[in-house]
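Protein chains in written order, with the numbering used here: chain A, 50 to 333; chain B, 496 to 948.
Even for Gly, the Cβ is constructed at its ideal location relative to N, Cα and C.
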Amino acid sequence: MKKILPSILLFAWAILGQAADQAVIDSIKKKGGLVLQLQGEAEQWEVQFQLGGRDLNDAGLADVAKLKNTAELNLRDTKITSAGLVHLKGLTRLTRLHLERTNIDDGGVAHLSGLAELEYLNLYGTKITDKSLEHLSNLKNLRQLYVWQTGVTSEGIKAFKKAAPNVEVVQGIDLSRVIAVKKEEPKPEDDLQWLPEGGDEKPPAKSITGEFTVVRFINKRDQAVKLYWIDYGGKPKLYGVIEKGDQRRQNTYEDAVWMVTDEKDNALGYFVTTRKFSRAVIPK
Amino acid sequence: MLSLQHTRRDFLHSSVGLAGLTLPTFFKAQAVSARKSRRKAKSCIIIYTWGGMSHYESFDPKPEAPVDIRGEFKPIKTATPGINFCEHIPLIAKHSNKLAVVRSVHHNVGAHSGAVYLNMTGHRPEGQIKAKGRKNWPSITSVISHFHKPIAGVPGAVRMPYSMYDNGTQMAGEGAGWLGSKYDPVLMRTPAGEPYGGVSRFDDPALNLKLNLEKKRLNDRLTLLEQLDNGLGQKLGSETVYGKLDHYRQMAADMLLGSPVRDAYDLEKEDPRLRNLYGDHIGGQSLLLARRLVEAGVPVVQAVCSAGDLAGGGGDNWDTHRNHFSKMKNRLLPVFDRAVSALLTDLQMRGMLDETLVVFLTDFGRTPKVNGNGGRDHHPGVYSLAFAGGGIHGGQVYGSSDRKGAEPGSDACSPADIHATVFKAMGIDHNAELHDQLDRPYRICEGEPLPIV
Numbered sequence: 050m051k052k053i054l055p056s057i058l059l060f061a062w063a064i065l066g067q068a069a070d071q072a073v074i075d076s077i078k079k080k081g082g083l084v085l086q087l088q089g090e091a092e093q094w095e096v097q098f099q100l101g102g103r104d105l106n107d108a109g110l111a112d113v114a115k116l117k118n119t120a121e122l123n124l125r126d127t128k129i130t131s132a133g134l135v136h137l138k139g140l141t142r143l144t145r146l147h148l149e150r151t152n153i154d155d156g157g158v159a160h161l162s163g164l165a166e167l168e169y170l171n172l173y174g175t176k177i178t179d180k181s182l183e184h185l186s187n188l189k190n191l192r193q194l195y196v197w198q199t200g201v202t203s204e205g206i207k208a209f210k211k212a213a214p215n216v217e218v219v220q221g222i223d224l225s226r227v228i229a230v231k232k233e234e235p236k237p238e239d240d241l242q243w244l245p246e247g248g249d250e251k252p253p254a255k256s257i258t259g260e261f262t263v264v265r266f267i268n269k270r271d272q273a274v275k276l277y278w279i280d281y282g283g284k285p286k287l288y289g290v291i292e293k294g295d296q297r298r299q300n301t302y303e304d305a306v307w308m309v310t311d312e313k314d315n316a317l318g319y320f321v322t323t324r325k326f327s328r329a330v331i332p333k
Numbered sequence: 496m497l498s499l500q501h502t503r504r505d506f507l508h509s510s511v512g513l514a515g516l517t518l519p520t521f522f523k524a525q526a527v528s529a530r531k532s533r534r535k536a537k538s539c540i541i542i543y544t545w546g547g548m549s550h551y552e553s554f555d556p557k558p559e560a561p562v563d564i565r566g567e568f569k570p571i572k573t574a575t576p577g578i579n580f581c582e583h584i585p586l587i588a589k590h591s592n593k594l595a596v597v598r599s600v601h602h603n604v605g606a607h608s609g610a611v612y613l614n615m616t617g618h619r620p621e622g623q624i625k626a627k628g629r630k631n632w633p634s635i636t637s638v639i640s641h642f643h644k645p646i647a648g649v650p651g652a653v654r655m656p657y658s659m660y661d662n663g664t665q666m667a668g669e670g671a672g673w674l675g676s677k678y679d680p681v682l683m684r685t686p687a688g689e690p691y692g693g694v695s696r697f698d699d700p701a702l703n704l705k706l707n708l709e710k711k712r713l714n715d716r717l718t719l720l721e722q723l724d725n726g727l728g729q730k731l732g733s734e735t736v737y738g739k740l741d742h743y744r745q746m747a748a749d750m751l752l753g754s755p756v757r758d759a760y761d762l763e764k765e766d767p768r769l770r771n772l773y774g775d776h777i778g779g780q781s782l783l784l785a786r787r788l789v790e791a792g793v794p795v796v797q798a799v800c801s802a803g804d805l806a807g808g809g810g811d812n813w814d815t816h817r818n819h820f821s822k823m824k825n826r827l828l829p830v831f832d833r834a835v836s837a838l839l840t841d842l843q844m845r846g847m848l849d850e851t852l853v854v855f856l857t858d859f860g861r862t863p864k865v866n867g868n869g870g871r872d873h874h875p876g877v878y879s880l881a882f883a884g885g886g887i888h889g890g891q892v893y894g895s896s897d898r899k900g901a902e903p904g905s906d907a908c909s910p911a912d913i914h915a916t917v918f919k920a921m922g923i924d925h926n927a928e929l930h931d932q933l934d935r936p937y938r939i940c941e942g943e944p945l946p947i948v
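See the structure below:
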């Protein structure tokens with residue numbers, strides 16, 4: 050009996066521990082969090098709040114931190130603050146921690162300096178500065194650190210890398226230096242020939258395809274016209290109406306056939322596109 | 496029959512194994528694998544270049560081949576010593592340290608319909624395959640969503656911005672097939688950006704969340720469902736497949752009533768400077784939306800980076816039978832280069848890249864010889880694909896094509912092997928069995944994972 054007693058106690062302790070864990074898991078789920086068991090490791094949990102649990106605050110975090118075997122914790126976009134991070138001190142098995150886009154600063158990061166297992170720490174979009182890096186320089190297992198859109202500077206990272214050369218610090222790009230692609234409006238090079246309905250020169254029966262080009266249709270008639278593209282099978286497809294005196298810029302391809310009709314769909318004439326950006330003047 | 500034998504010279508030229516990797520790259524790969532091996536990707540973004548992207552003018556330039564094969568463009572160095580890409584993807588070249596390029600994929604299906612099916616499902620087309628057919632193999636997006644369950648209100652799989660068509664015929668391979676309608680990816684229309692030139696078809700019922708975003712109040716659930724019915728069943732009336740699917744309506748309703756997906760769909764909420772980074776084009780904005788959806792918990796997103804209908808080789812798609820070089824240089828590669836490099840930058844600086852697998856798929860490569868119309872034709876004999884993120888070891892090339900880019904030179908692999916690699920990265924057993932509606936078992940994949948995860 051004496052021999053068995055310790056194992057019984059151990060067993061009872063394990064059961065009680067599991068029951069306690071289950072209570073925390075239930076409370077996490079109530080808060081909109083998600084608890085996943087990590088593959089192959091029975092005792093490790095991944096806890097996520099970034100999708101359904103964004104209302105999590107510091108008081109809630111105190112509850113969450115009771116699940117001691119949490120290895121991965123995602124608090125992105127939640128309402129936690131620096132003060133709340135004190136609760137994470139006990140989660141010494143954390144390997145991945147997401148705090149991005151929360152309202153935390155250097156004071157909060159100071160609470161993380163004892164999380165020796167931490168490999169991944171995401172702090173982008175927070176108020177941290179170079180001071181935070183000092184709190185992290187003794188985390189021996191840290192490999193990935195994300196500081197985009199924070200107060201962390203290149204100089205700060207340089208100094209940090211001296212103390213922690215194994216950490217990849219991702220600073221991201223400066224969005225104010227992104228240059229938008231300017232789209233040059235092409236200048237029409239020449240006028241397409243107007244092929245009137247019933248005229249001597251007939252348009253092809255259907256469009257074939259080639260280079261991308263642009264045509265500017267200009268309606269000089271006294272009435273509105275309808276613009277049809279004759280597709281690859283020879284069927285007309287309505288693209289729009291051009292009011293009298295109006296213009297329409299149209300993306301198309303070379304060797305495309307465009308038909309112009311009056312409002313009652315009586316054909317007036319045709320244009321066949323070329324490779325050049327062109328004007329297509331619909332005559333009076 | 497393909498010859499899988501290769502000369503010693505070919506081997507030295509390929510970047511496989513120790514021979515091709517430069518030492519710093521090798522050690523870096525080692526260091527990374529030691530620490531990260533446990534991790535599995537949580538989500539997956541599939542970038543599909545519809546029509547068949549030329550391997551010469553992207554990931555596998557052949558500067559030493561005769562001029563009628565190598566084409567007009569030059570190679571450029573990437574960020575990884577010894578790996579060169581085409582000169583017209585200079586931004587992607589800077590991300591080579593994140594990419595594992597596979598240069599030795601091949602199959603023998605020469606038509607788009609069969610090739611897209613093979614690349615999307617990982618299985619050869621047998622008999623008559625029809626779009627939306629329930630006898631089809633499920634799309635890789637559907638299979639992933641079967642294993643990675645999202646939270647309530649988040650779709651298991653999303654595809655955008657439209658379905659793939661060839662001259663008006665919708666392609667098979669984008670749906671859930673025998674896995675059942677529950678796993679059909681939700682089609683979403685990208686709400687922004689200059690469209691691809693040419694023909695794109697919006698015939699399929701797509702979820703247009705923007706319409707609903709513009710409505711100020713969404714409290715009235717009934718009104719909402721009516722809107723959905725109108726939106727989804729528009730043309731097809733009561734015959735619409737989706738109209739009958741309660742789960743689909745339910746999910747759509749959940750999505751609109753405040754799931755993270757609804758916010759993700761609203762690109763106006765994104766920093767306009769970041770939107771510029773992706774480019775003001777549907778190709779870029781689709782990949783931005785893909786990132787936002789993954790962030791909102793969608794396990795797998797497929798983006799078609801091309802016009803939707805090949806339309807006989809016309810329009811901005813990768814089926815470049817005519818004017819190949821100018822179309823690649825002026826229309827296709829600039830959008831692709833900017834969008835893809837922006838996605839990789841964005842995922843990286845948000846700390847999402849190691850849990851997000853990015854996969855590039857296409858129908859096949861293009862012929863070695865440039866044809867009389869200045870184009871390249873279909874060539875399933877060998878082509879290139881690529882992976883990034885999600886536990887993939889970047890900065891490497893797996894396999895090679897021969898000197899002309901006509902056949903695999905070393906480590907030939909199949910679309911099924913590509914799928915097995917995706918499954919492994921996503922933590923899915925590629926030998927797993929799934930059951931169809933009649934409970935018949937199917938092994939999901941016939942390939943083996945490539946050693947790049």
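Q: Select from the region 571 to 596 of chain B all residues with a C-beta closer than 8 Å to any C-beta belonging to chain A, and list them in chain order.
A: none
Q: Taking A/Tyr302 as the query, report the chain B residues whose CB atoms sit under 8 Å from its CB, ordered along the chain.
A: Gly692, Gly693, Gly809 and Gly810
Q: Rounded to whole angstroms, what's the CA-CA distance from A/Ile257 to A/Ile279? Just pull it up for me.
A: Their Cα atoms are separated by approximately 10 Å.
Q | Contact set for A/Gly259: own chain, Cβ-Cβ below 8 Å, skip 5 residues either direction | A | Tyr302, Glu303, Asp304 and Arg324
Q.
Let me see if you follow: with CB-CB separation under 8 Å, is B/Asn926 close to chain A or not?
A. no
(Q) DSSP has B/His618 in a bridge; who is on the other side? (A) Within the DSSP bridge table, the entry for B/His618 names no partner.
**Q.** A/Gly248 burial status per 10 Å Cβ neighbour count (16 or more: buried)
**A.** Under this definition A/Gly248 is an exposed residue.
Q: Can you have a look at A/Glu204 and say buried or exposed, based on whether 16 or more other CB atoms are within 10 angstroms of its CB?
A: That one is exposed.
Q: Kindly indicate which three-state DSSP category A/Gln93 falls into: helix, strand or coil?
A: coil
(Q) Taking a contact to mean a Cβ-Cβ separation below 8 Å, would you say B/Pro875 touches B/Phe855 in this structure? (A) no
Q) When you compare only the Cα positions, how much space is there between A/Arg1 and B/Lys919? A) For chain A, the structure presents residues 50 to 333; residue 1 of chain A sits outside this window and is missing.
Q) Over what stretch of residues does the beta strand (DSSP E) that includes B/Ile541 continue unbroken? A) Ser538 to Thr544
Q.
Could you check whether B/Val638 and B/Val793 sit closer than 8 Å to each other, using their CB atoms as the reference points?
A. no
Q: Measure the alpha-carbon distance for B/Lys630 versus B/Pro936 and round it to whole angstroms.
A: 13 Å
Q.
Taking the alpha carbon of B/Ile777 as the reference point, which residue from B/Ser754, B/Asn812 and B/Glu669 has its own alpha carbon closest?
A. B/Asn812
Q.
At a CB distance below 7 Å, what residues from the region 241 to 258 of chain A approach chain B? Give them in sequence order.
A. Thr258
Q | alpha helix (DSSP H) segments (min. 4 residues) lying fully within the region 277 to 313 of chain A | A | DSSP runs (the alpha helix (DSSP H)) wholly in the region 277 to 313 of chain A: none.
Q. Under 8 Å between C-beta atoms, does B/Pro755 make it to chain A?
A. For B/Pro755, the answer is yes, since a Cβ of chain A falls inside 8 Å of its Cβ.
Q) Are the C-beta of A/Ile222 and some C-beta of chain B separated by less than 8 Å? A) A/Ile222 counts as touching chain B.
Q. For B/Met844 and chain A, any beta-carbon pair shorter than 8 Å?
A. yes
**Q.** Coarse secondary structure for B/Gln932, derived from DSSP in three states
**A.** Of the three classes helix, strand and coil, the one that applies to B/Gln932 here is coil, per DSSP.
Q) For B/Pro650 versus B/Val756, is the C-beta spacing smaller than 8 Å? A) yes
(Q) Among A/Pro214, A/Leu161 and A/Ala316, whose alpha-carbon lies nearest the alpha-carbon of A/Leu244? (A) A/Ala316
Q) Helix or strand or just coil, what does DSSP make of B/Glu559? A) coil
Q.
DSSP three-state label for A/Gln99, please.
A. DSSP places A/Gln99 in coil when its eight states are reduced to three.
Q: Could you tell me whether the Cβ of A/Gln193 comes closer than 8 Å to any Cβ of chain C?
A: Although the question refers to chain C, the structure presented lacks it and instead comprises the protein chains A and B.
Q | Exposure of A/Tyr319, with buried meaning 16 or more beta-carbon neighbours within 10 Å | A | By the C-beta density criterion, A/Tyr319 is buried, having at least 16 other C-beta atoms within 10 angstroms.
Q) Can you tell which of B/Val694, B/Pro656 and B/Asp679 has the C-alpha that lies nearest to the C-alpha of B/Gly688? A) B/Pro656
Q: Compile a chain-ordered list of the residues in the region 147 to 159 of chain A whose CB is closer than 8 Å to at least one CB of chain B.
A: His147 and Glu149
Q | C-alpha distance - B/Arg598 paired with B/Met659, whole-angstrom precision | A | 25 Å
Q.
Please report whether the beta-carbon of A/Gly101 lies at a distance below 8 Å from any beta-carbon of chain B.
A. yes
Q: Give a yes or no on whether the minimum CB-CB distance between A/Ala329 and chain B is below 8 Å.
A: no
Q. Just checking my contact of B/Cys581 with B/Glu552 at CB under 8 Å: how many whole Å lie between their CB atoms?
A. 5 Å
Q) For A/Arg298 versus A/Arg328, is the C-beta distance shorter than 8 Å? A) No, the Cβ-Cβ distance between A/Arg298 and A/Arg328 is not below 8 Å.
Q: Show which residues of chain B have a CB atom less than 8 Å away from the CB atom of A/Glu260.
A: Asn818, Ser821 and Lys822
Q) Taking just the CA atoms, how far does A/Val330 sit from A/Asp240? A) A/Val330 has its alpha-carbon roughly 7 Å from the corresponding atom of A/Asp240.
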